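Enquirer:
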Amino acid sequence: MSSPASEISDAEMRAFAHRMRVEFPRFLMQYRFAVDEMLTKVSILREEFLHLHRYNPIEHVSSRVKSPQSLLNKMARRGVTPEIEQIRQQITDIAGIRISCSFIADTYRVLETLTSQDDVRVLQIKDYIKNPKPSGYKSLHAILEIPVFLSNGAVPVICEVQIRTIAMDFWASTQHKINYKYRGQVPDRLVDELKQAADAAGQLDRQMERLHAEVHGDDLADDAPGVDDDILRRLWQLARRG
1 MSSPASEISD AEMRAFAHRM RVEFPRFLMQ YRFAVDEMLT KVSILREEFL
51 HLHRYNPIEH VSSRVKSPQS LLNKMARRGV TPEIEQIRQQ ITDIAGIRIS
101 CSFIADTYRV LETLTSQDDV RVLQIKDYIK NPKPSGYKSL HAILEIPVFL
151 SNGAVPVICE VQIRTIAMDF WASTQHKINY KYRGQVPDRL VDELKQAADA
201 AGQLDRQMER LHAEVHGDDL ADDAPGVDDD ILRRLWQLAR RG
């Protein structure tokens with residue numbers, strides 16, 4: 001026969017389990033919607049740049065939402081309690097977008113364009129391009145908050161955006177694989193080689209940017225694709241009716 005204390009504990013656990021079954025999936029769903037919103041913004045930027053400038057600074061985009069297991073592991077490491085608002089405030093990389101650009105200048109251009117939008121609230125920006133990590137890691141990190149519109153109203157959701165060049169992304173991917181293989185205990189020889197590779201990648205980025213500027217100039221051309229004569233003629237006819 002169970003004691004009153006154990007009955008209360010069991011009842012509390014059942015109530016907690018029921019609440020989490022309802023709240024936790026809905027909570028993660030908000031982050032999937034936030035990723036969708038950010039991907040839409042990035043897609044619009046790509047189209048606009050192609051239309052107005054005949055140039056696309058964004059080479060590749062990837063995204064992810066942490067799995068429940070990955071999120072729980074991070075909560076355990078940080079001592080975050082399983083309360084929705086606590087998780088929302090203390091874990092800022094549940095939703096993530098990674099943008100790869102051709103050139104260093106493009107990374108700053110994309111960051112400025114995204115963060116200047118009225119519905120985007122900038123919480124934090126870390127510039128690891130100007131100030132690389134000791135390992136050689138380079139990237140722009142932005143913690144952004146955007147509204148996700150649900151049936152019961154707008155919910156502010158945090159999304160981490162990483163913006164880097166293709167060379168930086170290749171280096172970061174290689175470093176991640178090496179860290180995973182050695183479980184974070186990377187031999188000094190490989191640490192030194194990774195740092196040398198980061199320096200070489202930085203030199204490549206700067207050289208390619210100089211070549212690009214030499215061929216195309218430093219400024220984007222504001223010449224949108226032309227409109228054919230038939231459409232211009234019809235637009236003129238409509239304008240004269242006004």
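Mind the numbering: the sequence shown is residues 1 to 242 in our numbering, read in order.
Glycine included, every Cβ here is placed at the ideal spot set by N, Cα and C.
Bear in mind that the values here come from a model prediction, so they are computed numbers and not experimental data.
1. Cα separation between residue 88 and residue 44?
2. Under a Cβ-count criterion, where at least 16 other Cβ atoms within 10 Å of its own Cβ denotes burial, should residue 192 be classed as buried or exposed?
3. Have a look at residue 128 and residue 232 and give me their C-alpha separation to the nearest angstrom.
4. Could you please give me the residues that DSSP links to residue 95 through a beta bridge?
5. Looking at the structure shown, is residue 203 part of a helix, part of a strand, or coil, going by DSSP?
6. Count Cβ pairs between the region 163 to 178 and the region 97 to 113 that sit closer than 8 Å; are there 3 or more?
7. Is the number of C-beta pairs between the region 143 to 151 and the region 79 to 87 that are closer than 8 Å three or more?
8. Quick check on residue 103: does DSSP put it in helix, strand or coil?
9. Looking at the structure shown, is residue 132 part of a helix, part of a strand, or coil, going by DSSP?
10. Report the rounded CA-to-CA distance for residue 168 versus residue 62, giving the unit in angstroms.
11. Please name the residue or residues paired with residue 149 in a DSSP beta bridge.
12. Below 7 Å CB to CB, which residues in the same chain sit around residue 228 once its five sequence neighbours on both sides are set aside?
13. Does the beta carbon of residue 176 come closer than 8 Å to any beta carbon on chain B?
14. Could you tell me whether any non-hydrogen atom of the ligand PLP is closer than 7 Å to the CB of residue 120?
15. My output table needs one value for residue 85: the three-state DSSP class, helix, strand or coil.
16. Would residue 114 pass as a contact of residue 120 if the rule is Cβ separation under 8 Å?
17. Just to confirm, is the Cβ distance from residue 209 to residue 103 under 8 Å?
18. With distances taken Cα to Cα, identify the nearest neighbour of residue 137 among 171, 35, 122.
19. Considering just the uninterrupted stretch of the alpha helix (DSSP H) at residue 270, what are its terminal residues?
20. Residue 139: buried (16+ other C-beta within 10 angstroms of its C-beta) or exposed?
21. Could you tell me how far apart the beta carbons of residue 91 and residue 75 are, in whole angstroms, since I believe they sit closer than 8 Å?
22. Give me whichever residues DSSP pairs with residue 165 in a beta bridge.
23. For residue 159, I'd like the list of residues in its chain whose CB is within less than 6 Å of its CB, leaving aside the five on either flank, ordered along the chain.
24. Going by C-alpha distance, which of 216, 197, 156, 154 is nearest residue 173?
Expert: The answer reads as follows:
1. Within the sequence shown, residue 88 is the residue found at index 88, counting from 1. Within the sequence shown, residue 44 is the residue found at index 44, counting from 1. The straight-line gap from Cα to Cα measures roughly 28 Å.
2. As a first step, residue 192 must be located in the sequence shown, where it is residue number 192. By the neighbour-count rule (16 or more Cβ atoms within 10 Å), residue 192 is not buried but exposed.
3. As a working note, residue 128 is residue 128 in the sequence shown. As a working note, residue 232 is residue 232 in the sequence shown. Note on geometry: alpha-carbon atoms of residue 128 and residue 232 lie some 48 Å from one another.
4. Within the sequence shown, residue 95 is the residue found at index 95, counting from 1. Bridge partners of residue 95: 65.
5. As a position in the sequence shown, residue 203 is number 203, starting the count at 1. Reduced to three states, the DSSP call for residue 203 is helix.
6. At 8 Å Cβ cutoff, the stretches touch.
7. Taking a contact to require three or more Cβ pairs closer than 8 Å, the region 143 to 151 and the region 79 to 87 do not qualify as touching.
8. Position 103 of the sequence shown, counted from the start, is the residue given in the question as residue 103. Coil at residue 103, not helix or strand.
9. Here residue 132 refers to the residue found at position 132 when the sequence shown is read from its first residue. Looking at residue 132 - three-state DSSP - the assignment turns out to be coil, as it is neither helix nor strand.
10. The sequence position of residue 168 within the sequence shown is 168, counting from 1. The sequence position of residue 62 within the sequence shown is 62, counting from 1. Residue 168 and residue 62 have their C-alpha atoms roughly 15 Å apart.
11. If you number the sequence shown from 1, residue 149 lands on position 149. For residue 149, which the question treats as bridged, DSSP gives the partners 154.
12. As a first step, residue 228 must be located in the sequence shown, where it is residue number 228. Cβ within range, chain order: n/a, list empty.
13. Chain labels in this structure do not include chain B; a single protein chain is all it has.
14. The model depicted lacks the ligand PLP and carries no ligand whatsoever.
15. On the sequence shown, residue 85 is found 85 positions in, with the first residue counted as 1. Here residue 85 sits in helix by DSSP.
16. The residue labelled residue 114 in the question sits at position 114 within the sequence shown. The residue labelled residue 120 in the question sits at position 120 within the sequence shown. Yes, the pair counts as a contact, with Cβ atoms nearer than the cut-off.
17. As a first step, residue 209 must be located in the sequence shown, where it is residue number 209. As a first step, residue 103 must be located in the sequence shown, where it is residue number 103. One thing to note: residue 209 has its Cβ within 8 Å of the Cβ of residue 103.
18. Against the sequence shown, residue 137 aligns to sequence position 137. Shortest Cα-Cα distance from residue 137 to any of 171, 35, 122 involves 171.
19. Missing from the structure shown is residue 270; the chain here goes from 1 to 242 and no further.
20. Reading the sequence shown from its first residue, position 139 is the one you call residue 139. Residue 139 is buried by the Cβ-count criterion.
21. For this step, residue 91 is matched to residue 91 along the sequence shown. For this step, residue 75 is matched to residue 75 along the sequence shown. The C-beta distance from residue 91 to residue 75 rounds to 7 Å, short enough to fall under 8 Å.
22. In the sequence shown, counting from the first residue as 1, residue 165 sits at position 165. 101.
23. Position 159 of the sequence shown holds residue 159. Cβ neighbours of residue 159 within its own chain (closer than 6 Å, five residues either side excluded): 34, 38, 95, 144.
24. Position 173 of the sequence shown holds residue 173. The shortest Cα separation from residue 173 among 216, 197, 156, 154 belongs to 197.
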